[in-house]
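Numbering (the working numbering), first residue to last: 86 to 1141.
Cβ atoms here follow ideal geometry from the backbone N, Cα and C, with glycine treated the same way.
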RNA sequence: GGGCCACUAGCUCAGUUGGUUAGAGCGCGCCCCUGAUAAGGGCGAGGUCUGUGGUUCAAAUCCACAGUGGCCCA
């Protein structure tokens, strides 16, 4: 017959997960799910590509878990989905890793190696790591259409970007401009900031700092004091800047006058400069000066003068800043504002270009000395000394960064800005502040620099004609073929990458002359941003595209706001005038379990492969889902152990159920018990279950796995520590009476429903449980838990009163246990009575209904609710501020005071009778309604009681001989059970028990009396066929025990 | 320089629209249970919510300023 399989006690997640992975593979579970939902309404998720450059990390696993959880949730709700995973394949980071592999450290080595070879190496790396990442994701439990992943290096992706670029061009947004880039002269590469995210790019270095005195034009013996730490930029100086509102001084020394800011006078002058006049910086603006290197050819043909700049400060230097617009981003911007002359002094390797006299052809790493000599000779050096500061360095080779103006291609953002902002208002961001972050970015975004002077990337389809200077933008491969000087060559292209694409020349669209492609490749965010179009056949006019676009949901790390989310939005608004996604979930970073960033060199990094095989994927997934998306996640083995302990609670309940269901041959397919006739405990857990399903559904609809998993945790705790704990005995009553069946039916219903509710988060564990609990007894059920429907809830079963009363019962039990603790009387010893103070008649009625559970949990014989006449307690009357505040305003304090003065006992009586309590405030009598007064019980010092929030529980601790005997019986049961376990008996073994008392007659009589009163109960509890009042035969398991002070020799043997 | 977000128990974090005994887990101390047992459970000690000022009858919660940390943009 079909039945439940035995469940192992401990749960080894990794090995269980490998079993389930095999099961899914063998049964093609994922394909069946896709098939099942394919004609249903759609839910569109678009995957942000993961860079296929390294194995995936535990931080990727966080995001991938969300992606999987919500896709599974929507699948259970029946939605059709695409399940397309994506890989990011191009860009600087990938090139860098390949360079490292090949042992290169400069761009020139790549050129020597050959671009074709290099491109092939890049592709190889992508292919390798996309496979690695795919396998890792499968191991995480992610269900995707893995054979259908998209790659941003594919020709289709490239062609769609061409199309986008052409549209931008048609709108007049595309232009070529200057950009100041951090530049490594050693690697010959710009260090784009987008690509520098998260790297250590600053180091403490010592530079020669130079203070110059530059003559003011037309004024004898007057100088500007100017300071810099980059002497090589002086030859490109075209202006000086001062803060117009800052105070400057004219200072004298040896008959010369120096200008500098007041705040730097002391550090620069060191006692040798005497201020003679103070004035605002604005006074200096417009003055001309003689530059540091006036005779250079590059310095001819423009005037050097002082301009105002409000970011000039006094923390270092002289308050007068040397401006070289060709050597720095800020300087360049300033030059654009004021129309300053721009000089670009060096080439990509750091060598001075023509026009710099003796410097031309020399490298900036070796020109400091000759520069100083020349300046000394000119008599304009005031001081040269060492200066230590933090300075950016190349993250690859450690070389100090130079700033350099380079020509790049841009897409103007001005026209699209307001439309993108408007579209962003229609996106639901989770958390909410994501929208504001995006707004901020959009408001401030500069033009999009789309070109990179690299190799492995999107080939920009820009063809520059040497003859007429026209740039032809090619929008599709077909257009390329049409314009190509040799169309056959286009058809023969192996792929749309360098160097092959560079072989193609076209006829200029303007003059028809032969034009070549510019050498630049594209920003990798173009690659990722075009994905909703390229993966859905936008250019082919595919019908699929409109069905899945815009996406219902996307999710990535918060930093993607200015990267992928931005690129998506930019391209989507450009092409379709609409936002690309309806809902966005963003999350933060992953740190180690102490909140420190994970870093290889700190030794605190955890690799995904290690984590998943040690903790298990489900533990990781639960950990991720339990985390607040708005906060960095602390990941580690300690946290995982916590999570596992909580999951074991669920596993234990499952294990408990199966153990007894097997013993009792419970078959859920053959039994049903209407809810109305089940016990109150059953109805309670069912109410809690339906409430859980309702709330979790709401949570997941809002992409709030965080709240959902907290609720589930609470539910599991209630299930384990109250429902099962309180109801345990019902499962082993022999004979299938109605209550036992109700217990089984209820727990089965709870476990199977709960399993489906957490299936999206823990696909493995729930599959394991489902296969046994459901498929084990019903082969007609769906083959996988992931093919089942999302649970529905029945609002009418959520009995809020019952839930509230059970909560109160639990609170009363907690107070009772506290009182027990104080009294030092073990729970095993029954007590005659407990006294309870509650606040309303409704509460009392609720507890009366549940008193069986309270009494049994505390091992007390009866419960009595105490009212205002009870001597045991005193009362305190407290105003309910929430009601009184709005009603009486500032009088509340006086009312509270007056209430404290009134006779509490009398007041409590009035409230109990539903009558108002009057207080006198400022001679005025105020009647407080009963619900406005909170009657709180207070313990009296001479009783052993516990109170909380005005509720009170007191235990009557008088132990009669009768109760003492009962306690002794419990003690005896306890020892027999221990002995059973030591003897290794099976749960269901029947035994014979021997109780031998060797001491005096009084003790013998005591034990005999206990056995005559409780012998049957002892026998029943311990599955003893008989309890013999004698010492056991020698071959029985035996032990000497202490029974409430009486020495007893206990023995058990298996009954034949 | 501008903006955003945090700051709650030893640690990691909750705390719903302001309402008078501020919660959990871990850790710690003590204990219980023994038919979920190399499991399970309970009780307790720990904070006055970064600081200052303000609004209010009432502030961890709202406002301002300061401090510390983090992120983003310049």
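The beta carbon of residue 262 sits closer than 6 Å to the beta carbons of 495 from its chain, once the five residues preceding and following it are set aside; these are given in chain order. Taking a cut-off of 8 Å for Cβ pairs, the region 515-534 and the region 189-198 do not touch, as fewer than three such pairs fall below it. Secondary structure of residue 1046 (DSSP, three-state): helix. When DSSP states are grouped into helix, strand and coil, residue 161 belongs to the helix group.
Excluding its 5 nearest sequence neighbours in each direction, residue 292 has C-beta neighbours in its own chain below 6 Å: 314 and 472, listed in chain order. Here residue 1136 is buried: its Cβ has 16 or more other Cβ atoms, across all protein chains shown, within 10 Å. Around the C-beta of residue 478, 16 or more other C-beta atoms lie within 10 Å, and the residue is accordingly described as buried. The count of Cβ pairs closer than 8 Å, one atom from the region 212-220 and one from the region 136-144, reaches three, so the stretches are in contact. Rounded to the nearest angstrom, the gap between the Cα atoms of residue 405 and residue 326 is 6 Å. Using a 10 angstroms sphere on the CB of residue 874, the tally of other CB atoms stays under 16, which defines it as exposed.
Excluding sequence positions up to five before and after residue 979, its CB lies within less than 6 Å of the CB of 1006, all in the same chain and listed in chain order.
Rounded to whole angstroms, the separation of the alpha carbons of residue 609 and residue 829 is 58 Å. A straight-line Cα-Cα distance of about 29 Å links residue 410 and residue 501.
Leaving aside the five residues that flank residue 433 on each side, the residues in its chain whose CB is nearer than 6 Å to its CB run, in chain order, 273. The C-beta distance from residue 322 to residue 408 rounds to 7 Å, short enough to meet the 8 Å contact threshold.
For the region 313-380, the continuous beta strand (DSSP E) assignments of 3+ residues that do not extend past its boundaries occur at 324-327, 332-338, 341-346 and 359-365, in sequence order. Within the DSSP bridge table, the entry for residue 607 names 536 as partners. The Cβ neighbour count for residue 670, taken over all protein chains shown within 10 Å, is at least 16; the residue is labelled buried. Ranked by Cα distance from residue 912, the options 928, 946 and 931 are led by 946. Under the three-state reduction of DSSP, residue 95 is assigned to coil, being neither helix nor strand. In the three-state DSSP reduction, residue 489 falls in the strand class (E or B). Within a 10 Å sphere around the beta-carbon of residue 245 sit 16 or more other beta-carbons, which makes this residue buried. The three-state secondary structure of residue 519, taken from DSSP, is helix. Residue 427 and residue 490 do touch by the CB rule: their CB atoms are close to 7 Å apart, below 8 Å.
1013 is the residue among 1013, 974 and 1121 whose C-alpha sits nearest the C-alpha of residue 984. Taken through DSSP and simplified to helix, strand or coil, residue 771 comes out as helix.
The beta carbon of residue 1016 sits closer than 8 Å to those of 965 and 968, all from its chain and outside the five residues before and after it, given in chain order. Between residue 1103 and residue 1057, the C-beta spacing is below 8 Å. For residue 1009, the three-state secondary structure derived from DSSP is strand. Nearest to residue 166 by alpha-carbon distance, out of 186, 183, 131 and 176, is 131. Residue 716 and residue 794 have their C-alpha atoms spaced approximately 16 Å apart. The alpha-carbon of residue 1008 is positioned some 16 Å away from that of residue 1002. Contact between residue 791 and residue 714 holds: CB atoms are separated by about 6 Å, below the 8 Å threshold. In this structure, residue 467 lies near residue 296, with their beta-carbon atoms less than 8 Å apart. Judged by DSSP secondary structure, residue 917 falls outside any alpha helix (DSSP H) and instead within the beta strand (DSSP E) spanning 916-922.
Looking at the DSSP output, residue 268 bridges to 275 and 487.
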